[in-house]
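Here is the structure we will look at, set down as structure tokens.
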Amino acid sequence: MGYIHRCKAGIDVPEHAQVVRTMSAELSRMLSHLLFTATDALDVNGGFTSHDARSDDNHDARPDDNHDETGNRQVPAGGGKRLCMEFTATVEGVTEVGPETVAVTVSAPAAFDARPGQFVRLTATVDGEDVSRFYTVSSPDTDETFETTVGLGGGDEDGPDFSAYLADLDAGSELAVTGPFGDQFYEGEQRALVLAGGAGVGPAVAIAERALADGNEAAVVYRDDAPAHTERLDALRDRGASVVVTDGAIGALVADAATGDPGEQAFVYGFADFVAEAEGALEAAGLDADDAKIENFG
Ligand SMILES: Cc1cc2nc3c(=O)[nH]c(=O)nc-3n(C[C@H](O)[C@H](O)[C@H](O)COP(=O)(O)OP(=O)(O)OC[C@H]3O[C@@H](n4cnc5c(N)ncnc54)[C@H](O)[C@@H]3O)c2cc1C
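Residue numbers (our numbering): 3 to 300.
Written as structure tokens, this is what we have:
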């Protein structure tokens, strides 16, 4: 503005003053861009919102790469543009998908975008107490609805049995949902090698379905003494995926399923004992377990 006034006043502005003016204008422009980029990143990632995904009890102290030293789960969703949301979902249906296993399908708002392998926190009032648990997305997408697969019967004798509560829900019931969380999800890798134990079969079928739909390859090694999602596993086999189910050791099966090709990504989903076995099986098969995407259910 000062420069314009001087022009109007017919003052001859020296060249060095023009250079200083241009530098100052450019610095101001760069600062504006940097401020925009920083605030936009915070908005996109929900950096100002308190998305502490810590559960109310057994999950707090879980030794997990996704927790910081305070026990808080790190938030959220890798890949940048998936907003961590809190919303009330309507239960569309609860279906038995195997012995001691149900699939819970709930409504999803249009902005909700979770990838197979990510997880949500479900909260409800059970026996007068607000209870939250994490569940991994087991549908290949989250358009209008999404599904989680819930294993029953593994919990403590004492305290609220949240999985049993979910299994008894009727269509039309409501659940509070927060998420998505986690960065151990399918990102379009050429070949998904998924090792699943128990309820880990949920993300396994979701990732394999998504991989095939994207024109990629999928292999599933699933350990369970009472397998669930057998229809979806059969359909995956029919579509060309490699699927093996066992109630025993997975080492040899993982070695057979692993190709070691550069485009192959290993995934592991299940409770701690299975995760430990799967990591050993990956190493024995010549893969680096540190490169695997692993979600430990606790
Ligand atoms: C990131 C993450 C993702 C998860 N995803 C799923 C999922 O997709 N499906 C699912 O069913 N659960 C999942 N869980 C576990 C879930 O949050 C609950 O812990 C589980 O449903 C048991 O809750 P509950 O109230 O019925 O039993 P609780 O009384 O809370 O269970 C008590 C203890 O039993 C352990 N436990 C419960 N079930 C089993 C089991 N089958 N095998 C071994 N230990 C068990 C729990 O870890 C806990 O230590 C996930 C957990 C985390 C942290």
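Just so it is clear, CB atoms sit at the ideal spot from N, CA and C, and this is done for glycine as well.
All values reported here derive from a predicted model rather than from experimental measurement.
Please classify residue i as buried or exposed, where buried requires at least 16 other C-beta atoms within 10 Å of its C-beta.
i      : result
Thr2   : Past the edges of the chain, shown from 3 to 300, lies residue 2, and the structure says nothing about it.
Met25  : exposed
Ile13  : exposed
Pro118 : buried
Pro65  : The predicted model places Pro65 with a pLDDT of 33, which falls under 50 and marks its position as unreliable; any figure quoted below should be read in that light. By the 10 Å Cβ count, Pro65 comes out exposed.
Met87  : buried
Gly81  : Model confidence at Gly81 stands at a pLDDT of 49, short of 50, so the residue's coordinates are unreliable; what they give is reported in the following sentence. Exposed, by the Cβ-count rule.
Gly39  : It should be noted that the sequence gives Thr, not Gly, for residue 39. Label assigned to Thr39: exposed.
Arg84  : buried
Leu37  : exposed
Thr103 : buried
Leu33  : exposed
Ala27  : exposed
Leu29  : exposed
Val21  : exposed
Val179 : buried
Ala251 : exposed
Leu43  : Sequence check: residue 43 is Ala here, not Leu. Exposed is the call here.
Of the residues the options, which one's Cα is nearest the Cα of residue i?
i      : options                        : result
Ala91  : Leu171, Val152, Ala27, Leu37   : Leu171
Gly181 : Phe136, Ser244, Asp163, Ala198 : Phe136
Gly202 : Val15, Ala105, Leu33           : Ala105
Pro205 : Gly253, Gly262, Glu98, Phe269  : Phe269
Thr248 : Asp226, Thr144, Pro16          : Asp226
Val96  : Val133, Gly199, Ser175, Asp42  : Ser175
Leu214 : Gly242, Ala110, Ala291, His18  : Gly242
Glu219 : Leu238, Ala228, Glu233         : Leu238
Ala228 : Glu98, Ala19, Pro16, Asp42     : Glu98
Ala112 : Ala27, Phe89, Leu235           : Phe89
Ala280 : Gly200, Ala110, Glu94, Leu124  : Gly200
Flag residue i as yes when its Cβ comes closer than 7 Å to any non-hydrogen atom of ligand 1, and as no otherwise.
i      : result
Tyr188 : no
Ala126 : no
Asp163 : yes
Tyr224 : no
Arg135 : yes
Glu146 : no
Val256 : no
Thr151 : yes
Ala201 : yes
Gly262 : no
Glu297 : yes
Leu138 : The amino acid at residue 138 is misidentified as Leu; the sequence shows Thr. It does: the Cβ of Thr138 is within 7 Å (strictly closer) of some heavy atom of ligand 1.
Phe121 : yes
Ala166 : yes
Phe38  : no
Phe273 : yes
Gly130 : no
Asp282 : The sequence given here has Gly at residue 282, not Asp. No, Cβ of Gly282 sits at least 7 Å from all heavy atoms of ligand 1.
Gly288 : no
Gly100 : no
Gly300 : yes
Gly181 : no
Considering only their Cβ atoms, is the gap separating residue j from residue i smaller than 8 Å?
i      : j      : result
Ala126 : Leu197 : no
Ser165 : Val152 : yes
Ile296 : Gln192 : no
Val246 : Val223 : yes
Gly272 : Phe299 : yes
Leu154 : Ala169 : yes
Phe301 : Phe114 : Nothing in the structure corresponds to residue 301, since the chain is present only between 3 and 300.
Ala116 : Thr144 : yes
Ala254 : Leu289 : no
Asp221 : Ala257 : The sequence given here has Ala at residue 221, not Asp. No, the pair does not count as a contact, with Cβ atoms beyond the cut-off.
Gln267 : Ala194 : yes
Ala230 : Gly100 : yes
Val139 : Thr150 : yes
Leu284 : Ala274 : no
Asp163 : Gly190 : no
Val301 : Tyr167 : Here the chain comprises residues numbered 3 to 300, so residue 301 is not present and cannot be evaluated.
Would you verify that the beta carbon of residue i is, or is not, closer than 8 Å to some beta carbon of chain B?
i     : result
Thr92 : Among the chains of the structure shown, chain B does not appear; only one protein chain is present.
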